[in-house]
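Engineer: Residue numbers (the working numbering): 32 to 102. Ideal Cβ positions, reconstructed from N, Cα and C, are used throughout, including at glycine. There's a structure below that I have some questions on.
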């Protein structure tokens, strides 16, 4: 699935406003695994509701679905 992050950009290797990311899936705890700006192939976990840095340094934003490969 491809998702767009809409919100305040944060971190050098985290999320950028308006950028489209690859979502690798949903974890058992409800977090989503996303290949963020770090481009690590294993991805990182983000909230599906308000993706933001864990340290609270940004208010975060939201996701918009761009391409859903599950009908």
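1. Which of the three DSSP states, helix, strand or coil, is assigned to residue 71?
2. Among 76, 99, 51 and 35, which residue has its Cα nearest to the Cα of residue 61?
3. Can you check DSSP and say which residues form a bridge with residue 94?
4. Looking at residue 39: is its Cβ nearer than 8 Å to the Cβ of residue 92?
5. Can you tell which of 85, 48, 56 and 35 has its C-alpha closest to the C-alpha of residue 101?
Structural biologist: Let me lay it out:
1. In the chain shown, residue 71 corresponds to position 40, counting from 1. Of the three classes helix, strand and coil, the one that applies to residue 71 here is coil, per DSSP.
2. Along the chain shown, one-based indexing puts residue 61 at 30. Of 76, 99, 51 and 35, the residue nearest in Cα terms is 76.
3. If you number the chain shown from 1, residue 94 lands on position 63. Looking at the DSSP output, residue 94 bridges to 36.
4. The residue labelled residue 39 in the question sits at position 8 within the chain shown. The residue labelled residue 92 in the question sits at position 61 within the chain shown. Cβ distance < 8 Å, so residue 39 and residue 92 count as in contact.
5. Position 70 of the chain shown, counted from the start, is the residue given in the question as residue 101. It is 56.
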